[in-house]
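In this note's numbering, the protein residues as written are 452 to 1070. C-beta: ideal position from N, C-alpha, C; glycine also. Computed from a prediction, not measured in an experiment: that's the story for all the values here.
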């Protein structure tokens, strides 16, 4: 189902009070939030239009090369757009007859009422996202499309975007998307992509269906921002304006990327006037019981997570005294203080989720799962008896409340599991991976193709294949110490170095309490430089990927960077297996925190129930 007014449906579904919070304005009711939703800043509104634009792809450039005009409709669409690749049967493509756009891989409500479809959190349905067919023969990207909601939340150390932390700025990711393989542009065609996008922007006359949904104004008029006929909702602030008539192709390209970035940076789950997430069963449970819903000032997410668990346990088990009489000789009565569970959605009339096919509930099973999720291992050895007891998920080591991510980099064994499934158990541990010197000396042989190296083979950023041993996805390994990706190097190095220096100290990070500059001074100093240079850290980047947030997982399946799992139960069981591999020393470059997982068969259902309680509702 496509909403008739594309300008309002995104805010209506993902109620973002980010801007109101920044300005000190709170939204306390669905009505007030809906009013805010309708009053997006112009840069977000125009950013959404550009996000939905279907003419920037290489397929449309081919159409123009045949003699067509910028405003002419396509006679036939990109075959990739004619269907939505799913984990089951293909769904009808919501953008059939068009060419690739951002929304093609970051869906929202397009399949809400389609059989086999459902709501999306700006993610697609495919294990690995489809890409337009070109001369390289590729029809599938190496990775699954991650959700964009909450992807750009502020965090210490700054942004790192994409599964492999390739980008340190939203605009950089947008520009790479518009000029890259996802839009059909081969490595080395960046200049063509920029020229094509600029041509579309210059030539747009505002008559297309998308333009009509956004006021019917040409891009040139919108971007200049001075025409008195421009309604206030479309009148861009000075910082986003551009005179298309005098601007270069590159200037137009950057301006478009900045507007799309403004739009994507506003995609967050609903929060109340105090900045606390408020539309999941978990959030309602915390609020109903007066539990802390966000960290205190100067409190780290891990410290907050530990405090929250302690507060829940005190509330669950703590007794309080209620005096029957002031007579000291009379006995007093003990009252057990019970937790209040959630049985219905307070934001809807019928008390159910609007888009999730599950009860809006946080009960005893979800509470049990919460305690398993937040439970950390002791320093005691991992005896077989402790493993049988289970009840320790250690999930909080990487998925800390309230965002349920640490915004860092980990190897959970996903790449190894996929590779071994294709080539046999133990194959990944035997795979030859070059060191820094060999890798950089033979850049085209080992590293991924880029504008600077368009003919690079990139075997370690590929989909594994039974017929081609050696192809796999090593994640951050492809980016770290790669001169083609300069923007994110310092941030990746800080994370890898902190993990290296903290080795043997579970639950501890040397990044905590450090500014970027102070930590850089530490790792550049003589005692640490040898352990934190690129040559020493490159092995620690093997098969490492960015930690995703866990809110609204139910609308982002399939899971992991390779779309390997369809259900939450499969994920929990996978982590049980990975933890066993890590303890046995059979996981190549495995995250040490995996060894702290102690789960048994009885823990799977409660953990999955808790994860479903993180599913968000939308107003």
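Going by beta carbons, residue 970 and residue 942 fall outside the 8 angstroms limit. Across the structure, residue 609 and residue 526 are spaced so that their CA atoms are roughly 44 angstroms apart. Under a 10 Å Cβ-count criterion, residue 892 is classified as exposed, with fewer than 16 other Cβ atoms of the shown protein chains found around its own Cβ. The secondary-structure analysis by DSSP pairs residue 591 across a beta bridge with 581. Contact annotation: residue 674 and residue 693 have beta-carbon atoms nearer than 8 angstroms. A residue is called buried once 16 or more other Cβ atoms fall within 10 Å of its Cβ, and residue 682, having fewer, is exposed. In this structure, residue 998 lies near residue 850, with their beta-carbon atoms less than 8 angstroms apart. Shown here, residue 919 sits in a strand according to DSSP, grouped into three states. Remark: fewer than three beta-carbon pairs, one from each stretch, lie closer than 8 angstroms, so the stretch 911–923 and the stretch 629–648 are not flagged as touching. Residue state for residue 924 is assigned as strand, using DSSP reduced to three classes.
When secondary structure is reduced to three states using DSSP, residue 535 falls in the strand class. Rounded to whole angstroms, the separation of the alpha carbons of residue 804 and residue 845 is 29 angstroms. Assigned with DSSP and collapsed to three states, residue 843 falls in strand. Taking the CA atoms as reference points, residue 503 sits about 23 angstroms from residue 1003. Taking C-beta atoms under 8 angstroms as the contact rule, residue 982 and residue 951 qualify, at a distance of about 6 angstroms. Excluding residues up to 5 positions away in sequence, 651 lie with their Cβ nearer than 6 angstroms to the Cβ of residue 506 in the same chain. By the neighbour-count definition (other C-beta atoms within 10 Å, threshold 16), residue 699 is an exposed residue. Under the three-pair Cβ rule at 8 angstroms, the stretch 1013–1031 does not count as touching the stretch 879–887. Excluding the 5 residues flanking it on each side, residue 1006 has same chain C-beta neighbours closer than 6 angstroms at 570, 571, 572, in chain order. Apart from the 5 residues on each side of it in sequence, residue 624 sits with its Cβ closer than 6 angstroms to the Cβ of 612, 618 in its chain, given in chain order.
Excluding five sequence positions before and after residue 538, the CB atoms of its chain that fall closer than 8 angstroms to its own CB belong to 576, 577, 578, 1008, 1009, 1014, 1017, given in chain order. For residue 715, the closest of 866, 497, 880 by C-alpha to C-alpha distance is 497. In chain order, 731, 733, 1001, 1002 place their CB closer than 6 angstroms to the CB of residue 1065, counting only its own chain and leaving out the 5 sequence neighbours on each side. Within the DSSP bridge table, the entry for residue 1049 names 843 as partners. If you look at residue 791, you'll find it isn't in any alpha helix (DSSP H); DSSP assigns it neither H nor E.
For residue 870, the three-state secondary structure derived from DSSP is helix. Counting C-beta pairs with one atom in each stretch, the stretch 895–907 and the stretch 1034–1053 have fewer than three that are closer than 8 angstroms, which means they do not touch. Looking at the backbone, the Cα of residue 920 and that of residue 689 are separated by about 54 angstroms. The C-alpha of residue 1067 lies about 13 angstroms from the C-alpha of residue 736. The beta carbon of residue 709 sits closer than 7 angstroms to the beta carbons of 622, 691 from its chain, once the five residues preceding and following it are set aside; these are given in chain order. Around the CB of residue 864, 16 or more other CB atoms lie within 10 Å, so the residue is classed as buried. Taking C-beta atoms under 8 angstroms as the contact rule, residue 535 and residue 562 qualify, at a distance of about 7 angstroms.
Taking C-alpha positions only, residue 602 is separated from residue 629 by approximately 18 angstroms. By the neighbour-count criterion, in which a residue is buried when 16 or more other Cβ atoms sit within 10 angstroms of its Cβ, residue 588 is exposed. When beta bridges are read from the DSSP output, residue 612 appears opposite 618.
Just measuring C-alpha positions, the residue of 859, 581, 499, 996 sitting nearest residue 711 is 499.
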